[in-house]
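Peer 1: Numbering (my numbering), first residue to last: 48 to 644.
For glycine and all other residues, C-beta sits at the position ideal for the given N, C-alpha and C.
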Amino acid sequence: MNSKDKDNINNAVDSAQNDTQEGMPNQMNSSGAGDNHSGNTGRNGGPVPNAPRGPNIFNILLIVFLITFIINTFFTGRTGQSAQTIGYSQFIELVESGNVDQALLSESQLQITIGAEADLTEVEKILYPGGRIEGLQPAPAAGASYAAVRVDDPDLVDRLSQNGVAFSQISSNNNASPLGSFITTWIIPTLIMYLIYFFVIRNIMKRVGKNSPGGGLGGIFGAGKSRAKLYNLEKNTGVTFDDVAGQDEAKESLTEMVDFLHHPEKYREIGAKQPKGALLVGPPGTGKTLLAKAVAGESGVPFYSISGSEFVEMFVGVGASRVRDLFENAKKNTPCIIFIDEIDAIGKSRDNQLGSNDEREQTLNQLLAEMDGFDSGKGIVVLAATNRPEVLDKALLRPGRFDRRIIVDKPDLLGREAILKVHAAKVKLDSDVDLHDIALATGGATGADLANMINEGALLAVKEGRKLVAQRDLMEAVEIVIAGKEKKDRVMNPKEREMVAYHEVGHALVSALQKKGQPVQKITIVPRTMGTLGYTMNVPEEERYLMTKSEILAQITTLLGGRAAEILVFGEVSTGASNDIERATKLARGMVTQYGM
48 MNSKDKDNIN
58 NAVDSAQNDT
68 QEGMPNQMNS
78 SGAGDNHSGN
88 TGRNGGPVPN
98 APRGPNIFNI
108 LLIVFLITFI
118 INTFFTGRTG
128 QSAQTIGYSQ
138 FIELVESGNV
148 DQALLSESQL
158 QITIGAEADL
168 TEVEKILYPG
178 GRIEGLQPAP
188 AAGASYAAVR
198 VDDPDLVDRL
208 SQNGVAFSQI
218 SSNNNASPLG
228 SFITTWIIPT
238 LIMYLIYFFV
248 IRNIMKRVGK
258 NSPGGGLGGI
268 FGAGKSRAKL
278 YNLEKNTGVT
288 FDDVAGQDEA
298 KESLTEMVDF
308 LHHPEKYREI
318 GAKQPKGALL
328 VGPPGTGKTL
338 LAKAVAGESG
348 VPFYSISGSE
358 FVEMFVGVGA
368 SRVRDLFENA
378 KKNTPCIIFI
388 DEIDAIGKSR
398 DNQLGSNDER
408 EQTLNQLLAE
418 MDGFDSGKGI
428 VVLAATNRPE
438 VLDKALLRPG
448 RFDRRIIVDK
458 PDLLGREAIL
468 KVHAAKVKLD
478 SDVDLHDIAL
488 ATGGATGADL
498 ANMINEGALL
508 AVKEGRKLVA
518 QRDLMEAVEI
528 VIAGKEKKDR
538 VMNPKEREMV
548 AYHEVGHALV
558 SALQKKGQPV
568 QKITIVPRTM
578 GTLGYTMNVP
588 EEERYLMTKS
598 EILAQITTLL
608 GGRAAEILVF
618 GEVSTGASND
628 IERATKLARG
638 MVTQYGM
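1) Can you have a look at Leu443 and say buried or exposed, based on whether 16 or more other CB atoms are within 10 angstroms of its CB?
2) To which residues of the same chain is Ile393 closer than 6 Å at the C-beta, ignoring the five residues directly before and after it?
3) When the Cα atoms are used, what is the spatial distance from Ala635 to Met644?
4) First and last residue of the beta strand (DSSP E) that includes Asn585?
5) Can you look up Ser215 in the DSSP assignment and give me helix, strand or coil?
6) Using C-beta distances below 8 Å, list every residue in its chain close to Phe617, excluding the 5 sequence neighbours before and after it, in chain order.
7) Does the distance from the CB of Ala163 to the CB of Asp148 come in under 9 Å?
8) Check Thr160 in the structure and name its three-state DSSP category.
9) Evaluate Asp391 with the Cβ neighbour count: other Cβ atoms within 10 Å of its Cβ, from every protein chain shown; 16 or more gives buried, anything less gives exposed.
10) Could you check which residue in Phe229, Val538, Asn585, Met638 has the C-alpha nearest to that of Val557?
11) Quick check on DSSP: helix, strand or coil for Arg448?
12) When DSSP builds the beta bridges, which residues end up paired with Glu533?
13) Here's a check: name, in chain order, each residue in its chain whose Cβ is nearer than 7 Å to the Cβ of His470, leaving out the five neighbours to either side.
14) Between Gln568 and Ala488, how many whole angstroms is the CB-CB distance? I'm expecting something under 8 Å.
15) Whole alpha helix (DSSP H) runs in the stretch 611 to 640 with 4 or more residues, listed along the chain?
16) What does a CB cutoff of less than 6 Å around Tyr135 pick up in its chain, not counting 5 residues either side in sequence?
17) If you reduce the DSSP assignment to three classes, tell me which class Phe386 lands in.
18) Ordered along the chain, which non-local residues of its own chain (more than five positions away) have a Cβ less than 7 Å from that of Ala486?
19) Would you kindly work out how many angstroms separate the C-alpha atoms of Leu151 and Leu109, rounded to a whole number?
20) I'd like the span of the alpha helix (DSSP H) that includes Ser192, first residue to last.
21) So the candidates are Phe307, Gly366, Lys323; which of them puts its Cα closest to the Cα of Glu316?
22) Need the endpoints of the beta strand (DSSP E) that Ser354 sits in, please.
23) Determine the DSSP secondary structure at His84, reduced to helix, strand or coil.
24) In angstroms with no decimal places, state the Cα-to-Cα distance between Ile235 and Leu157.
25) Beta-carbon separation of Val428 and Met594 under 9 Å?
26) Among residues of its own chain, excluding the 5 on either side of Leu515, which ones have a beta-carbon nearer than 6 Å to its beta-carbon?
27) With a Cβ-Cβ cutoff of 9 Å, do Asn434 and Pro330 count as a contact?
28) Measuring CA to CA, which of Arg452, Val525, Lys532, Lys441 is closest to Leu482?
29) What does the alpha-carbon distance come out to for the pair Gln184 and Gly178?
30) Excluding five sequence neighbours on each side, which residues of the same chain lie with their C-beta closer than 7 Å to the C-beta of Ala341?
31) Taking the C-alpha atoms as reference points, what is the distance between Lys633 and Pro458?
32) Considering only residues of the stretch 292 to 341, which uninterrupted beta strand (DSSP E) runs meet the minimum length of 3 residues and lie entirely inside it, listed in chain order?
33) Are Phe449 and Ala472 close, meaning C-beta to C-beta below 9 Å?
34) Quick one: what's got a C-beta closer than 6 Å to Ala416's C-beta in the same chain, skipping five residues either side?
35) Helix, strand or coil, according to DSSP, for Asp391 in the structure here?
36) Report all residues from its chain with a CB closer than 6 Å to the CB of Gly190; omit the five preceding and five following residues, and keep chain order.
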């Protein structure tokens, strides 16, 4: 039998431990674009040939002038429509014909606008006495403007008033010299915009984004700066390997990496190379992040901690910039450790399928390049954690990047007991507490689940006014994690309560009367918040890694014992056995399709 079969049988054992009347879970559930350096220097501090220089004054002035030109052209072009030039006599005729709506009077020019209800035929005769040439001369239209040179006419205002033309006087700047107009329109706005850039924007970019070459996104509000938390001798994680239990194999592998950082010479003497990285793989709640923090606490070297999701933002190139910045900072503080939690956020396999993320792939490419670029002898170790190793890119997993894959799995019986001791040391326990029994009752639990159980037990003791945590508090905490808290506000009628009671007793009797059945720890018909109306808790006498055919059949028989009790006592069945049937079906299907039974 291979390891996969063992895992499947373990899952079957866990799924059959705790029976529920309605909806009880089968198993316990765990609940930027710039590097960090400035100037033309390379990674080792030396000069870089042909390094790009910053923008010079000519380029800045050219850009500012173009912006001013566009703005000036835009607003100048919208000041009004171009007017067709006509003679003063035609101007008078149009006004007196009643077809003019409004007029603008300046010192040198008169401009009129044809009204919306104007007789356009009459207007055309005034404008073109000899007839309009089609295609060469524009036809008059409502709203069209016509301009004439102003002459000294004292009756002009009276004539406009008598014909109902609304007019207004505007100032004219035609007397201004061309040089003065050019300076006012172009030079002064250009200088103002340049001064704003030089003293305000550039100053902001220097303060929040300096050390970012090229002034890209890394220089705008520090978007490309790494957000990794730095732990060192002054700011420690406060976690050591003594705080980690139940993961002896993982601790051994990581202890060796820490020893390499402290004593690299003894490994180099024999020709061994330091592993560049290690990937912590395991289900949620098994202690991957805790192990990384313990490495930081034990190593005594700078420890950079960052989540994979913190690399990627809405701006393209920010993730790659943050990766560069992170590794540049690490190179300045060698030896050191970089820890990337939830690396699957940026390390997913690259493909050309729909839904691929270019920004995430750029970030991954930069990470691959950085892990190839640093020398293992420099004392930089990269740790990463994930619970989805199957989605990671193959290039990320190859030797030379992550040389080791450390499995952080759910703890066994001894591991659970050790974890319970670590967390129980922080609370006051009564003398009747037996952590071995708690470990037996929590098959399939993760370290996070066990820590939560200890805390729940302490809360229950405080709630009841006691100063010590008793065994019953911890057992109740186990039930809270498995099935939820007691739902005291749910009122069941006597008939339902009786049916639930017989159903649970049926499970217990069938389990107790079978030779291969598991001992019954507790029977309850108190509803729980996770939807159960009652359940029977079976606790194995010892930790098992294999199951025989007869033991699986005993599990299936126990699961169907509740339905059998309903038929014998009441002569009918209920929906209470739905979860039992689901779990029994899963076991039976596994016997045929997986175990060849």
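Peer 2: A quick look at the data gives this:
1) As a position in the sequence shown, residue 443 is number 396, starting the count at 1. The residue is buried, with at least 16 neighbouring Cβ atoms inside 10 Å.
2) Here residue 393 is taken as the residue at index 346 of the sequence shown, counted from 1. Closer than 6 Å at Cβ, skipping near neighbours: Gly355, Phe358, Arg407, Thr410, Leu411.
3) The residue you call residue 635 lines up with position 588 of the sequence shown. The residue you call residue 644 lines up with position 597 of the sequence shown. Going from the Cα of Ala635 to the Cα of Met644 covers about 9 Å.
4) Taking the first residue of the sequence shown as 1, we reach residue 585 at position 538. Segment 582 to 585, the beta strand (DSSP E) holding Asn585.
5) Mapped onto the sequence shown, residue 215 falls at position 168. Three-state result, Ser215: strand.
6) Your numbering for residue 617 matches position 570 in the sequence shown. Met546, Tyr549, listed in sequence order.
7) Here residue 163 corresponds to residue number 116 of the sequence shown, with the count starting at 1. Here residue 148 corresponds to residue number 101 of the sequence shown, with the count starting at 1. Against a cut-off of 9 Å, the Cβ pair of Asp148 and Ala163 comes out as a contact.
8) Stepping through the sequence shown from its first residue, residue 160 is reached at position 113. Correct three-state label for Thr160: strand.
9) By 1-based counting over the sequence shown, the position of residue 391 is 344. Buried, because 16 or more other Cβ atoms sit within 10 Å of the Cβ of Asp391.
10) What you label residue 557 is simply residue 510 of the sequence shown in a count that begins at 1. When each option's Cα is compared against that of Val557, the closest is Asn585.
11) As a first step, residue 448 must be located in the sequence shown, where it is residue number 401. Three-state DSSP puts Arg448 in coil, outside helix and strand.
12) On the sequence shown, position 486 is the one that residue 533 refers to. DSSP lists Arg575 as partners of Glu533.
13) Translated into positions along the sequence shown, residue 470 becomes position 423. Excluding positions up to five away in sequence, the list reads Leu497, Ala498, Ile501.
14) Taking the first residue of the sequence shown as position 1, residue 568 is located at position 521. Taking the first residue of the sequence shown as position 1, residue 488 is located at position 441. About 6 Å separates the Cβ atoms of Gln568 and Ala488, confirming a contact at the 8 Å cut-off.
15) Runs found: 625 to 640.
16) Reading the sequence shown from its first residue, position 88 is the one you call residue 135. Taken in chain order, the residues that qualify are Ala195, Val198.
17) Your numbering for residue 386 matches position 339 in the sequence shown. Looking at Phe386 - three-state DSSP - the assignment turns out to be strand.
18) Mapped onto the sequence shown, residue 486 falls at position 439. The answer, listed in chain order, is Leu460, Arg463, Glu464, Leu467.
19) As a first step, residue 151 must be located in the sequence shown, where it is residue number 104. As a first step, residue 109 must be located in the sequence shown, where it is residue number 62. Cα to Cα, the separation comes out at about 38 Å.
20) Taking the first residue of the sequence shown as position 1, residue 192 is located at position 145. Here Ser192 belongs to no alpha helix (DSSP H); instead the beta strand (DSSP E) covers 192 to 196.
21) By 1-based counting over the sequence shown, the position of residue 316 is 269. Closest option to Glu316, Cα to Cα, is Phe307.
22) Residue mapping note: residue 354 aligns to position 307 of the sequence shown, counting from 1. Its beta strand (DSSP E) spans residues 350 to 354.
23) On the sequence shown, position 37 is the one that residue 84 refers to. Its pLDDT being 38, under 50, His84 is placed unreliably in this model, and the coordinates cannot settle the point.
24) As a working note, residue 235 is residue 188 in the sequence shown. As a working note, residue 157 is residue 110 in the sequence shown. So the two alpha carbons sit approximately 31 Å from each other.
25) Position 381 of the sequence shown, counting from 1, holds the residue named residue 428. Position 547 of the sequence shown, counting from 1, holds the residue named residue 594. Cβ atoms of Val428 and Met594: not closer than 9 Å.
26) Locating residue 515 in the sequence shown gives position 468, where the first residue counts as 1. Contacts found: Lys475, Asp477.
27) As a working mapping, residue 434 is identified with position 387 in the sequence shown. As a working mapping, residue 330 is identified with position 283 in the sequence shown. Less than 9 Å separates the beta-carbon of Asn434 from that of Pro330.
28) Against the sequence shown, residue 482 aligns to sequence position 435. With distances taken between Cα atoms, Leu482 lies closest to Val525.
29) For the purposes of this step, residue 184 is taken as residue 137 along the sequence shown, with counting starting at 1. For the purposes of this step, residue 178 is taken as residue 131 along the sequence shown, with counting starting at 1. Rounded to whole angstroms, Gln184 to Gly178 spans 10 Å at the Cα level.
30) One-based indexing of the sequence shown puts residue 341 at position 294. Take Ala341, set aside five residues on each side of it, and the residues of its chain with a beta-carbon closer than 7 Å to its own are Val286, Thr287, Phe288, Asp290, Val291, in chain order.
31) Within the sequence shown, residue 633 is the residue found at index 586, counting from 1. Within the sequence shown, residue 458 is the residue found at index 411, counting from 1. Answer to the nearest angstrom: the Cα atoms are 24 Å apart.
32) Here the runs fully enclosed are 324 to 328.
33) As a first step, residue 449 must be located in the sequence shown, where it is residue number 402. As a first step, residue 472 must be located in the sequence shown, where it is residue number 425. The answer is no: Cβ separation not under 9 Å.
34) Taking the first residue of the sequence shown as 1, we reach residue 416 at position 369. In the same chain as Ala416, and ignoring 5 residues on each side of it, no C-beta atom comes closer than 6 Å to its own.
35) Walking along the sequence shown from the start, residue 391 turns up at place 344. Annotated three-state conformation of Asp391 is helix, per DSSP.
36) The sequence position of residue 190 within the sequence shown is 143, counting from 1. If we look at Gly190 and ignore the five residues flanking it on each side, it has no Cβ neighbours.
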